[in-house]
């Protein structure tokens, strides 16, 4: 055995110089497999003798550096984290190159055509290109003992490295969850330039820097619509040498159904349920409870959605839909509160209420002439018991008439300036009282006009009766007919004589008609309660029509405008395109 060892030590340098040569006979091996293993050991020792793994392989001909062909075989697209804007995938990075220093003649080594070497970390035996993903936050190699490249007798080297890669992916989630995201990254050598190591896509004339592995498993949330690659040379400002890389671009489309059925549809149904409050009776306490429940439900849904929404400074369409839905729910609750408050308004019945002031006119018209003379006015004013400030204001109003008759319509206008409500006892809120002011004034004008029309109708009927009687008397009494005074009530004219006399001039008063028979308590009462309920009814009607209609327009635009994005192109498989750098 000692003789054989000496012979091997002498023969190895010579064999390496002219190509490794195996042993013709090994007396320690008794079978072919043992003979092969011993030859492989000796061959590796012969190849690694004087081998410097820190120096890249030599290049020949038109090659500018040692040519390394690369290919990404995607095995699993694990996650696209929209919240943290990261992508994570598991792949096999395939490398192939030629190292003439590792070539041998199989005929000299018992037909051995392939060897394996350690090619990872401190146990590395041969030269391995230091390729990495430049943008990678984390790259986890999945082979615990390290990758063992395959070396062939021609000097060709093949290495497939299983790596789990996590890298940042800036996203534009404005159209979330109907969005498409694009992630780009670069793959190349870290420390060597193109004159040392030239990175090229695998495939030669038909480059194939990317492929889907046979065991590829798609992502359940995203479709990998397209993968675009390009081989690019970078020239940095620090160095004149080119740095070749292979650039990858993943285009992914999100499955929106999960988010639509899990987040969007519940929000829409919750908002629509809130509109049912307009059908409920305002006097029902459940109306406000329904509005608050829908509002809180919307807030809870948004908290859940916030966990999956991208952390970005831009507004997404789903966030916009949530904000609009929340606004519609809040508006529904506000309308319900206002409507219930309006239904709670009571008519004022105090000493300064509209009823007391208007009815004072009817009580003061003792002669039933339809207007008040000075004496009747004074008696009416004294009986009102107005505070000094109000009394002074009323006298100024009376003095401003300048002889105009004080009829019921004129008194209506005076009451509108001096009457007082019962305040919070009637309205429960000053805001409600302010809202009702224009509607109450409008109602007062309508009531005034109604009373005037009825008084006019009574006078017309009175005139007709008296005319009929007069004609009957004239037919029985020949001679000149005496003209009867008219009792028709007319609107007061500026500059007419004040009604201070009980003697009716033509066209004045009611002609004996009882004013209190023509004016009911309902017409004299404070109109705040009926007006408030009427306003509440109109408000509910307007909200019941406008709010659901506007919200449905928002929902239709949401699904029609943004949902169509995912329907334009049906996913039929990943498109793989290798393009020129200018078209990347």
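Numbering (my numbering), first residue to last: 302 to 885. Every residue gets a Cβ at the ideal spot worked out from N, C-alpha and C, and that includes glycine.
- The Cβ-Cβ distance between residue 594 and residue 474 does not fall below 7 Å.
- For the 7 Å CB-CB criterion, residue 456 and residue 403 form a contact.
- Here residue 389 has 379, 380, 467 as same chain residues with Cβ atoms under 6 Å from its own Cβ, once five neighbours each way along the sequence are excluded.
- Contact check for residue 417 against residue 451 passes: the beta carbons are separated by less than 7 Å.
- Using a Cβ-Cβ distance cut-off of 8 Å, the region 707 to 717 and the region 745 to 765 are in contact, since at least three pairs of beta carbons, one from each stretch, lie closer than that value.
- 619 is the residue among 619, 754, 465, 496 whose C-alpha sits nearest the C-alpha of residue 561.
- Across the set 737, 719, 718, the C-alpha of 737 shows the shortest separation from the C-alpha of residue 727.
- In the structure shown, residue 607 adopts helical secondary structure according to DSSP, grouped into three states.
- Under DSSP, the beta-bridge partners assigned to residue 382 are 387.
- If you keep only unbroken beta strand (DSSP E) runs of at least 3 residues inside the region 385 to 450, you get 387 to 399, 415 to 417, 432 to 434, 439 to 442.
- Residue 465 carries a strand assignment under DSSP once its states are collapsed to helix, strand and coil.
- DSSP, read as helix, strand or coil, puts residue 545 in strand.
- With respect to the C-alpha of residue 365, the residue from 444, 425, 419, 497 having the closest C-alpha is 497.
- For residue 851, the enclosing alpha helix (DSSP H) stretches over residues 829 to 858.
- Burial check for residue 492: the Cβ neighbour count within 10 Å stays below 16, so the residue is exposed.
- Cβ atoms of residue 397 and residue 458 come within 8 Å of each other, at about 7 Å.
- By the Cβ neighbour-count rule, residue 677 is buried, with 16 or more other Cβ atoms within 10 Å of its own.
- The alpha carbon of residue 855 has as its nearest neighbour, out of 511, 569, 607, 412, the alpha carbon of 569.
- Within its own chain, the residues whose Cβ lies closer than 8 Å to the Cβ of residue 407, once the five positions on either side in sequence are excluded, are 413, 414, 454, listed in chain order.
- Checking the DSSP bridge columns, you'll see residue 879 partnered with 530.
- When the alpha-carbon of residue 577 is set against those of 425, 484, 355, 634, the nearest one is in 634.
- In this structure, the CA atom of residue 515 is about 26 Å from the CA atom of residue 419.
- Bounds of any alpha helix (DSSP H) do not take in residue 489; it lies within the beta strand (DSSP E) bounded by 481 to 490.
- In this structure residue 487 touches residue 436 by the C-beta definition: roughly 7 Å separates them, less than 8 Å.
- With a cutoff of 7 Å on beta-carbon distance, residue 428 and residue 357 are scored as near each other.
- Considering only 731, 730, 690, the residue with the shortest C-alpha distance to residue 718 is 690.
- Residue pairing from DSSP leaves residue 769 without any beta-bridge partner.
- Within the same chain, and ignoring the five residues on either side of residue 349 in sequence, the residues whose Cβ sits closer than 7 Å to its Cβ are 426.
- Comparing C-alpha distances from residue 846 to each of 580, 665, 586 shows the shortest one belongs to 580.
- Here residue 338 is exposed, its C-beta having fewer than 16 other C-beta atoms within 10 Å.
- If you keep only unbroken alpha helix (DSSP H) runs of at least 4 residues inside the region 678 to 740, you get 689 to 700, 709 to 719, 725 to 728.
- Under DSSP, the beta-bridge partners assigned to residue 498 are 367.
- Residue pairing for residue 453: DSSP places it in a beta bridge opposite 415.
- Between the C-alpha atoms of residue 542 and residue 534 there is a straight-line separation of about 9 Å.
- Around the Cβ of residue 345, a 10 Å sphere holds 16 or more other Cβ atoms; the residue is buried.
- Relative to residue 506, the option among 521, 885, 879 whose CA is nearest is 879.
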